[in-house]
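Chemist:
Number of protein chains: 2
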Amino acid sequence: MNENIKVPMPTLERLSTYLRYLQDVQARGVHTILSADVERDTGVNAAQFRKDLSFFGEFGKPGVGYNVLELQQRIARILQVHREQPVVLVGAGNLGTALIGYPGLRRHGFVIAGVFDNSPKKIGQRLGEMEIQDIQYLKEGIVKLGAKIGILTVPASEAQTIANTMVEADVKGILNFAPATLRLPADITVRDVYFFQELAVLSYCVSRAELLAERSE
Amino acid sequence: MNENIKVPMPTLERLSTYLRYLQDVQARGVHTILSADVERDTGVNAAQFRKDLSFFGEFGKPGVGYNVLELQQRIARILQVHREQPVVLVGAGNLGTALIGYPGLRRHGFVIAGVFDNSPKKIGQRLGEMEIQDIQYLKEGIVKLGAKIGILTVPASEAQTIANTMVEADVKGILNFAPATLRLPADITVRDVYFFQELAVLSYCVSRAELLAERSE
Chain F
1 MNENIKVPMP
11 TLERLSTYLR
21 YLQDVQARGV
31 HTILSADVER
41 DTGVNAAQFR
51 KDLSFFGEFG
61 KPGVGYNVLE
71 LQQRIARILQ
81 VHREQPVVLV
91 GAGNLGTALI
101 GYPGLRRHGF
111 VIAGVFDNSP
121 KKIGQRLGEM
131 EIQDIQYLKE
141 GIVKLGAKIG
151 ILTVPASEAQ
161 TIANTMVEAD
171 VKGILNFAPA
181 TLRLPADITV
191 RDVYFFQELA
201 VLSYCVSRAE
211 LLAERSE
Chain D
1001 MNENIKVPMP
1011 TLERLSTYLR
1021 YLQDVQARGV
1031 HTILSADVER
1041 DTGVNAAQFR
1051 KDLSFFGEFG
1061 KPGVGYNVLE
1071 LQQRIARILQ
1081 VHREQPVVLV
1091 GAGNLGTALI
1101 GYPGLRRHGF
1111 VIAGVFDNSP
1121 KKIGQRLGEM
1131 EIQDIQYLKE
1141 GIVKLGAKIG
1151 ILTVPASEAQ
1161 TIANTMVEAD
1171 VKGILNFAPA
1181 TLRLPADITV
1191 RDVYFFQELA
1201 VLSYCVSRAE
1211 LLAERSE
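One line per chain: the protein sequences are F and D, in this order. For the first sequence, the positions run 1 to 217 when the working numbering is used. For the second sequence, the positions run 1001 to 1217 when the working numbering is used.
(1) Taking 8 Å as the CB-CB cut-off, is asparagine 1094 of chain D touching chain F?
(2) Give me the residue from F/Ala200, F/Gln160 and F/Arg208 with the minimum Cα distance to proline 185 of chain F.
(3) Between which two residues does the alpha helix (DSSP H) holding arginine 74 of chain F run?
(4) Could you pull out every unbroken beta strand (DSSP E) segment of at least 3 residues lying fully inside the region 110-172 of chain F, listed in chain order?
(5) Roughly how many whole angstroms lie between the Cα atoms of asparagine 94 of chain F and leucine 1095 of chain D?
(6) Measuring straight from C-alpha to C-alpha, what distance separates methionine 1001 of chain D and phenylalanine 1056 of chain D?
(7) So leucine 89 of chain F is in the beta strand (DSSP E); what residue range does that whole segment cover?
(8) Quick check: what's the CA-CA separation for phenylalanine 1110 of chain D versus alanine 156 of chain F?
(9) Suppose contacts are defined by Cβ-Cβ distances below 8 Å. Is glycine 1173 of chain D in contact with lysine 1139 of chain D by that definition?
(10) List the residues of chain F that glutamine 1072 of chain D touches, going by C-beta distances under 7 Å, in chain order.
(11) Give me the chain D residues within the contact set of valine 68 of chain F, using Cβ-Cβ distance strictly less than 7 Å, ordered along the chain.
(12) Under a three-way DSSP split, which group does asparagine 1176 of chain D fall into?
(13) Please list the terminal residues of the continuous beta strand (DSSP E) segment that includes threonine 1189 of chain D.
(14) Between the region 1027-1042 of chain D and the region 1059-1071 of chain D, do three or more beta carbon pairs fall short of 8 Å?
(15) For threonine 1042 of chain D, report the span of its alpha helix (DSSP H) as first-last.
(16) Going along the chain, which residues of the region 1194-1210 of chain D sit with their C-beta nearer than 8 Å to a C-beta in chain F?
(17) Contact between the region 12-21 of chain F and the region 72-90 of chain F: three or more CB pairs below 8 Å?
(18) Kindly indicate which residue of D/Thr1097, D/Leu1022, D/Tyr1102 and D/Leu1089 has the alpha-carbon position closest to the one of glutamine 1165 of chain D.
(19) To the nearest whole angstrom, what separates the beta carbons of valine 1038 of chain D and valine 1068 of chain D, a pair I think is in contact under 8 Å?
(20) Which bits of chain D does arginine 191 of chain F rub up against, with CB to CB less than 7 Å?
(21) If you count every other CB in all the chains shown that lies within 10 Å of the CB of leucine 199 of chain F, and 16 or more means buried, which is it?
(22) Using 8 Å as the threshold, is the C-beta distance between valine 171 of chain F and isoleucine 142 of chain F below it?
(23) Which one or two residues does DSSP pair with glycine 63 of chain F in a beta bridge?
(24) Please report the Cβ distance between serine 181 of chain F and leucine 1202 of chain D, rounded to the nearest whole angstrom; I am assuming they are in contact, meaning their Cβ atoms lie under 8 Å.
(25) Between lysine 172 of chain F and chain D, is the shortest Cβ-Cβ distance under 8 Å, so that the two count as touching?
(26) Check the Cβ-Cβ distances between tyrosine 102 of chain F and every residue of chain D, and say whether any is below 8 Å.
(27) Identify the contact partners of arginine 20 of chain F in chain D, using a Cβ-Cβ distance below 7 Å as the criterion.
(28) Give a yes or no on whether 8 Å exceeds the smallest Cβ distance from threonine 1161 of chain D to chain F.
(29) So, alanine 113 of chain F versus valine 154 of chain F, is the Cβ gap smaller than 8 Å?
(30) Taking the DSSP output, what are the residues bridged to threonine 32 of chain F?
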């Protein structure tokens, strides 16, 4: 793998889809797959699949296909999800609770190792296996855990301040559920999950579909 | 607006970011903005902002800028979030509960009008203002509500079957939180929110950043 190549974000996003797919087929007892199988089962074009993998070296054998277990292990290593890593969660509401209980995170090594909130009603309470900690100790908590990834499930008004604290504590990646645009140093990666945006895109596409349907009638 | 132009998905995604931004500046009492303001405050390049809007007609006045309220109303209309629309939710767990309480959905007209689950423990219980209904009545329920958008917060193993039922009930857009690839007719729009994928991308970017940091030392 050429360490200097910048991998396109859509390729990185598809890698986890491939990983999920490989786990599914392995669970079905399949040992080898072809890129055509990937296209049929995930909807990702076979050529795209091969191109995505090509960023990371040689995969599979022509005419033979891909060994399911080996490909799984290599993709897991590329994404660095082959090992456990601590993640800190700020915001112990329903969404935070949902994430802690979300299947597949722990299986892929993402261990939510610390939960913080600013509500006196929540601080000291248990959430899953953890005790909810006071957000005023967030920075020390992150440093202690050595967490490089943080999850924000707080109101938009609080997101920037908490993100700043995470960065001070050497967090390098933030999964942001707050409907706010975070302004952070260039070396910090932010992934925004914005529910309204998802629904708004659906709303547009649905109304377009109905418009076109009426026309064709 | 040319009804036949296919608008790129990233443009559609940015529209809701612009809408959020416009609401923020309006709340601050700002009446007019320039594309440079958008770039400074949202991080979206000013030229990109103008290009995104250009898909939908003429916006703003050269040298004067954009009227905040008017632009808000026009974007809301483009996305069809200027009116109320019923949304059906399947899966009354923590994530479903979080979505029902998620600020901004109702404000943008997305009314979660029906909640369904298959758990006898949950059916009949209240969730927010609603009673959780038995999933066996999902199809009739959707038809009755006239919902064109559905939200799936169920285990991966159940997602495809429930999505099929939604489509039978004339749902045209699905927000899918289940870690499963849905196979649906081409006229159905699906938006996947896959938490593991988000964390995996962060994991990759964080490990890259650390690698490059070590090198530069």
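Beta carbons are placed, not taken as given, at the ideal position from N, Cα and C, and that holds for glycine.
Modeler: Looking at the atomic coordinates:
(1) Yes - at least one Cβ of chain F is within 8 Å of the one on asparagine 1094 of chain D.
(2) Checking every option, the nearest Cα to that of proline 185 of chain F belongs to F/Gln160.
(3) Where arginine 74 of chain F is concerned, the enclosing alpha helix (DSSP H) stretches over 68-78.
(4) Note on the region 110-172 of chain F: whole beta strand (DSSP E) runs with a minimum of 3 residues are 110-117 and 149-152, in chain order.
(5) Near 7 Å, if we compare the C-alpha coordinates of leucine 1095 of chain D and asparagine 94 of chain F.
(6) A caution first: methionine 1001 of chain D carries a pLDDT of 47, below 50, which makes its placement in the model too unreliable to give a value.
(7) For leucine 89 of chain F, the enclosing beta strand (DSSP E) begins and ends at 85-90.
(8) In a straight line, the C-alpha of phenylalanine 1110 of chain D is about 19 Å away from that of alanine 156 of chain F.
(9) Taking 8 Å as the Cβ cut-off, glycine 1173 of chain D and lysine 1139 of chain D do not qualify as a contacting pair.
(10) Here the premise fails: no neighbours, minimum Cβ distance about 13 Å.
(11) Neighbours of valine 68 of chain F on chain D: none; closest Cβ ~17 Å, over 7 Å.
(12) Note: asparagine 1176 of chain D maps to strand in three-state DSSP.
(13) Run containing threonine 1189 of chain D: 1189-1192, per the beta strand (DSSP E) assignment.
(14) These segments touch.
(15) Residues 1035-1042.
(16) Cβ contacts with chain F: Tyr1194, Phe1195, Phe1196, Gln1197, Glu1198, Leu1199, Ala1200, Val1201, Leu1202, Ser1203, Tyr1204, Cys1205, Val1206, Ser1207, Ala1209 and Glu1210.
(17) Yes, the region 12-21 of chain F is in contact with the region 72-90 of chain F.
(18) The amino acid at residue 1165 of chain D is misidentified as glutamine; the sequence shows threonine. Selected option, being the one with the closest Cα: D/Leu1089.
(19) A Cβ-Cβ separation of about 11 Å leaves valine 1038 of chain D out of contact with valine 1068 of chain D under the 8 Å criterion.
(20) Residues of chain D passing the Cβ test: Glu1198, Val1201 and Leu1202.
(21) Leucine 199 of chain F is buried by the Cβ-count criterion.
(22) Taking 8 Å as the Cβ cut-off, valine 171 of chain F and isoleucine 142 of chain F qualify as a contacting pair.
(23) As far as DSSP is concerned, glycine 63 of chain F takes part in no beta bridge.
(24) The residue asked about is misnamed: residue 181 of chain F is threonine in this sequence, not serine. Under the criterion of beta carbons closer than 8 Å, threonine 181 of chain F and leucine 1202 of chain D do not qualify as touching, at roughly 17 Å.
(25) It does; some Cβ of chain D falls within 8 Å.
(26) Closer than 8 Å: yes.
(27) Chain-order list of chain D residues neighbouring arginine 20 of chain F: Pro1179, by C-beta distance under 7 Å.
(28) Interface criterion not met: the Cβ of threonine 1161 of chain D is under 8 Å from no Cβ in chain F.
(29) Result no, Cβ atoms of alanine 113 of chain F and valine 154 of chain F do not sit closer than 8 Å.
(30) Answer by DSSP bridge pairing, in chain order: F/Asn67.
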